[in-house]
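Trainee: Take 208 as the starting number for the sequence shown in our numbering and just add one per residue.
Glycine included, each C-beta is placed from N, C-alpha and C at the ideal position.
Quantities reported herein were computed from a predicted structural model and do not represent experimental measurements.
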Amino acid sequence: MKRKLSRTKKNLLYALLGSSLFWQMPYAAYAAEEPATTEQPAEKQTEAQETFTLEKIEVTANRDQTLPPAYAGGQVARGGGLGILGNKDFMDTPFNLTSYTAQTIEDQQARTLYDVLRNDPSIRYTTPDGHIRENFTIRGFDLTAEEVAFNGMYGLAPQGHTPLEFVERVEVLKGPSALLNGMSPNGGVGGSINLVPKRAGDEPLTQLTTDYTSDSQWGGHIDIGRRFGENNEFGLRFNGVYRDGDTGVEDASKTQMLSSLGLDYRGEHWRASLDAYTSKEKYENGSPSSYSFASGVVSAPDPKTNLMRGTWGEVENKGILLKTEYDLNDNLSVYAGIGKQKNTYAGTYTGNHGLNLDAQGNVTASPPFQRGYTDTISSEVGLRNKFQTGTVQHQLVLSANALDIEGGTHFKRISTSSNIYNPVIPVWGADPGSPPKTTETDLSSIALADTLSFNQDKVQLTMGVRRQNVHTKTFNASTGNLTAEYDESATTPVVALVVKPWAAPISLYANYIEGLSKGSEVTETAALNYGEVFKPFKSKQYEFGVKWDRGKFANTLSFYQIEKPSLIDVAQGTGYIVSDDGEQRSRGIEWNTFGAINDKVRLLGGIAFTRGEYTKTEDGLYEGNTPYGVPKYQINLGAEWDTPWNPALTLSARAVYTSSQYINSANTMVIPSWVRYDIGARYKTVINKTPITYRASVENLFNKNYWSGSFSSGYATLGGPRTFKLSATMDF
208 MKRKLSRTKK NLLYALLGSS LFWQMPYAAY AAEEPATTEQ PAEKQTEAQE TFTLEKIEVT
268 ANRDQTLPPA YAGGQVARGG GLGILGNKDF MDTPFNLTSY TAQTIEDQQA RTLYDVLRND
328 PSIRYTTPDG HIRENFTIRG FDLTAEEVAF NGMYGLAPQG HTPLEFVERV EVLKGPSALL
388 NGMSPNGGVG GSINLVPKRA GDEPLTQLTT DYTSDSQWGG HIDIGRRFGE NNEFGLRFNG
448 VYRDGDTGVE DASKTQMLSS LGLDYRGEHW RASLDAYTSK EKYENGSPSS YSFASGVVSA
508 PDPKTNLMRG TWGEVENKGI LLKTEYDLND NLSVYAGIGK QKNTYAGTYT GNHGLNLDAQ
568 GNVTASPPFQ RGYTDTISSE VGLRNKFQTG TVQHQLVLSA NALDIEGGTH FKRISTSSNI
628 YNPVIPVWGA DPGSPPKTTE TDLSSIALAD TLSFNQDKVQ LTMGVRRQNV HTKTFNASTG
688 NLTAEYDESA TTPVVALVVK PWAAPISLYA NYIEGLSKGS EVTETAALNY GEVFKPFKSK
748 QYEFGVKWDR GKFANTLSFY QIEKPSLIDV AQGTGYIVSD DGEQRSRGIE WNTFGAINDK
808 VRLLGGIAFT RGEYTKTEDG LYEGNTPYGV PKYQINLGAE WDTPWNPALT LSARAVYTSS
868 QYINSANTMV IPSWVRYDIG ARYKTVINKT PITYRASVEN LFNKNYWSGS FSSGYATLGG
928 PRTFKLSATM DF
């Protein structure tokens, strides 16, 4: 049964909606209605009124000036971070890079990472909408929650649902990035995601946001920023979030909490920052599910279906990161960073699966009771040097990093027969107790790269190499005994080129870059080489493209090929062995667009075409087949329009399309194409000298039931239901 609204929640709703009567009044009316006071002469009143023009009403704080500035329209930045190469303008970047701003996060009311990544045509979500954990695919390859970077370093970002209230930028770099960032924990090769934390701007910030999400999620977010010192060299940024209430899944509820603190110092030669956060999310009485099929794909059920009533799950993250940089002289600087993160989870954190779903809705519910943890220490140190040889400018960087991860997990599972049209409360496994240590991973590397600039930066050539060492241990969960270990090294290079051949703002670029994934362990007990651990996997990307910057509107067109090794079974005598000689390949074309096409309309999105193929499989059985969860076409296109009849009112719309896709390697099961529409509006005003922005949106406008994708062979994930979001942001 839905919980009744408390008085506090009702008051929050009134705060969100109570001033809607002002929406039809032009902004100038508010300024005109300010009464004169004896302390403020009439001429001062006029000056005060003039300062409250619509152009001055800005919800977001002044952005950290060390970051690339926002592009026209404010939805994306002009550039972003390239790991050891530092921040670069997108026109000087030999890769496909998009950096979504805090303005986009706020205006789209993004609650988690995928909410903002819905703008990217190359990215899809591989867990059900609303699940407590977020995994993705980029360019057809998996990227798990553990592989999101925080301030340029792996292993330190919150896992599960990543909160965005303390994030200034979400940077998406397409393709492998082993040289740029080092090897990610699970070796994702389709791309990388980096979270840039907020910093205090030069102007004081005190901002309060109240929000509502259907069915009955209520929340508040406080954002405070201040700078101190004679030259504003010291900065403080605090973000706090609390949400609670019923979710889109029938009878289920969820609680979210975040507290973060960002401190920074920016001196003439020395810069430093300290980021600390704690986040927690918990759901009760059920969650969204993924499904496998008894004999073939059936129609997608109502996403409100609660197959997991009675279950609960929670995840908690605590992280801290210290980074510093010092200029030894005008051309030479040294930098370092060290951070620690702890992640713990319990309940049904993963594995919310409905198995063998048939046309009558019969299904097996199989929720595991899990307990697990990861403890991570991440560190880096480097040296950057700018110098010139003849007419050639150099930007040389030498970097070393280390990532140490200890993890443990334990679970118990019991299966229960159920039906999606009449779900029963499933039998849940007993509490498995404290998780034992099951893995240790030590990733260490050293990298050297040089960017050579010719002819006033019209030609830029980047060359580099990284030597990576991978040391892993696996332990038996019951006995604690070491079951597998390997210690291997590999070298990954990059060659990348940017050419600006004409006076027109056009960049041609190309790159060859390799990715690295830790070697897999043979877990098939029937295999003759059971327990063998392979050397690290190398993936290769070839890419070229063109970028066109029209000043206020930009386009990027990319062509790429990524090859990634995979495991296959190979017959040997009367049995078989598992080999690492398999291969998956993706070839694709991407068009990305962003910016303002005029002073009232802004666009954001693009189209991605991907041709995924198994090029080597067991006995050639699946060669030529398309990997599961890799659709050919993905389209994301959004627009914002400042209405001519009221410049304070902005309307928005977005369409997300995914073509049909196979959900198993044999290509015998396919889910249909789908398209969903989102709409929104925001209105800026001033009440009692307080700037306020109201926002409203509807996601999945037509409440379409659809299978959104696949995370493993034979499994399909559900898209979310129609969702309403409301918020009011006040700047004090």
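Could you tell me whether the Cβ atoms of Val882 and Tyr864 are closer together than 9 Å?
Mentor: Yes, they are a contact pair.
Trainee: Please look up how many angstroms separate the CB atoms of Ala761 and Tyr278, rounded, as I've assumed it's under 8 Å.
Mentor: That belief holds up - the Cβ atoms of Ala761 and Tyr278 are roughly 7 Å apart, short of 8 Å.
Trainee: Please check the pair Ser497 and Asn559, which I expect to be a contact at CB under 8 Å, by giving their CB distance rounded to whole angstroms.
Mentor: Between Asn559 and Ser497 the Cβ distance is about 7 Å, and since that is below 8 Å, they are a contact.
Trainee: What number of angstroms, rounded off, separates the C-alpha of Lys251 from the C-alpha of Gly389?
Mentor: Residue placement at Lys251 cannot be trusted, given a pLDDT of 36 that sits under 50; what the coordinates show is reported in the next sentence. Taking the straight line from one Cα to the other gives about 57 Å.
Trainee: Buried or exposed: where does Gln779 fall if 16 or more other Cβ atoms within 10 Å of its Cβ makes it buried?
Mentor: Exposed is the call here.
Trainee: Give me the Cα-Cα distance between Thr442 and Arg434, rounded to the nearest whole angstrom.
Mentor: Residue 442 is actually Gly in this sequence, not Thr. Their backbone Cα atoms lie some 4 Å apart in a straight line.
Trainee: Using C-beta distances below 8 Å, list every residue in its chain close to Ser499, excluding the 5 sequence neighbours before and after it, in chain order.
Mentor: Cβ neighbours of Ser499 beyond the five flanking positions: His560, Gly561, Leu562, Asn563, Leu564, Gly921, Tyr922 and Ala923.
Trainee: Taking the CB atoms as reference points, tell me whether Asn907 and Arg929 lie closer together than 9 Å.
Mentor: For Asn907 and Arg929, yes; Cβs fall inside 9 Å.
Trainee: Would the region 473 to 485 count as touching the region 523 to 534 if we require 3 or more Cβ pairs under 8 Å?
Mentor: With the cut-off at 8 Å, the region 473 to 485 and the region 523 to 534 touch.
Trainee: Per DSSP, what kind of secondary structure is Phe373 in: helix, strand or coil?
Mentor: In this structure, Phe373 counts as coil in the three-state DSSP scheme.
Trainee: For Glu457, does the three-state DSSP call read helix, strand or coil?
Mentor: Note: Glu457 maps to coil in three-state DSSP.
Trainee: Apply the 10 Å Cβ neighbour rule to Pro248 and answer buried if 16 or more other Cβ atoms are within range, or exposed otherwise.
Mentor: Because Pro248 sits at a pLDDT of 39, beneath the cut-off of 50, its placement in the model cannot be relied upon, and the point is left open.
Trainee: My assumption, with CB atoms under 8 Å, is that Gly149 sits in contact with Pro383. Please give the rounded CB distance.
Mentor: Beyond the ends of the chain as shown, which are 208 and 939, falls residue 149; an answer cannot be given.
Trainee: For Thr416, is the classification buried or exposed, using 16 other Cβ atoms within 10 angstroms of its Cβ as the cut-off for buried?
Mentor: It counts as buried.
Trainee: Do Tyr419 and Lys911 have their beta-carbon atoms positioned less than 9 Å apart in this structure?
Mentor: Not in contact: Lys911 and Tyr419 (Cβ atoms no closer than 9 Å).
Trainee: Tell me the DSSP secondary structure of Ile804 in three-state form.
Mentor: Coil.
Trainee: Specify whether the region 450 to 459 and the region 422 to 434 touch according to this definition: at least 3 beta carbon pairs, one from each stretch, less than 8 Å apart.
Mentor: The region 450 to 459 vs the region 422 to 434: in contact.
Trainee: Under DSSP, the beta strand (DSSP E) around Ile291 begins and ends at which residues?
Mentor: No beta strand (DSSP E) holds Ile291; DSSP gives it neither H nor E.
Trainee: Can you tell which of Ala734, Leu659 and Gln463 has its C-alpha closest to the C-alpha of Ser486?
Mentor: With distances taken between Cα atoms, Ser486 lies closest to Gln463.
Trainee: Report the option in Gly288, Ile291 and Leu324 whose CA atom is closest to the CA atom of Gln282.
Mentor: Nearest option by C-alpha distance: Leu324.
Trainee: Roughly how many angstroms separate the alpha carbons of Arg620 and Gln310, rounded to a whole number?
Mentor: Those two C-alpha atoms are separated by around 43 Å.
Trainee: Using the beta-carbon count (16 or more within 10 Å), is Val631 buried or exposed?
Mentor: Looking at its Cβ environment, which holds fewer than 16 other Cβ atoms inside 10 Å, Val631 is exposed.
Trainee: Between the Cα of Asn408 and those of His338, Asn358, Thr273 and Pro392, spot the shortest distance and give me the residue it belongs to.
Mentor: Note that residue 408 is Gly in the sequence shown here, rather than Asn. Residue Thr273 is the option with its Cα nearest to Gly408.
Trainee: Expressed to the nearest angstrom, what Euclidean distance is found between the alpha-carbon atoms of Lys940 and Asp430?
Mentor: Here the chain covers residues 208 to 939 and nothing more, so residue 940 does not appear.
Trainee: According to DSSP, is Glu475 helix, strand or coil?
Mentor: Coil at Glu475, not helix or strand.
Trainee: Take every Cβ of the region 744 to 753, pair it with every Cβ of the region 768 to 783, and state whether three or more of those distances are shorter than 8 Å.
Mentor: The region 744 to 753 vs the region 768 to 783: in contact.
Trainee: The beta strand (DSSP E) with Ala309 in it runs from where to where?
Mentor: Looking at the DSSP string, Ala309 is not in any beta strand (DSSP E); the run it does join, the alpha helix (DSSP H), is Ala309 to Asp314.
Trainee: Please work out which residues of its chain come closer than 6 Å, Cβ to Cβ, to Asn676, disregarding the five sequence neighbours upstream and downstream, and give them in chain order.
Mentor: Excluding sequence neighbours, Asn676 sits near Ser651 and Ser696.
Trainee: Is the beta carbon of Phe357 closer than 9 Å to that of Leu465?
Mentor: Contact flag unset, no.
Trainee: Ala572: which of Gly432, Ala733 and Pro495 sits nearest, CA to CA?
Mentor: Measuring from the Cα of Ala572, the nearest candidate turns out to be Pro495.
Trainee: Tell me whether the beta-carbon of Val808 lies closer than 9 Å to the beta-carbon of Trp848.
Mentor: Result yes, Cβ atoms of Val808 and Trp848 sit closer than 9 Å.
Trainee: Could you tell me which of Gly397, Glu457 and Gly347 sits nearest to Ile627, measuring between CA atoms?
Mentor: Comparing Cα-Cα distances from Ile627 to each of Gly397, Glu457 and Gly347, the minimum goes to Glu457.
Trainee: Suppose you measure from the CA of Tyr361 to the CA of Asn303; what does that come to, to the nearest Å?
Mentor: For Tyr361 and Asn303, the distance between alpha carbons rounds to 20 Å.
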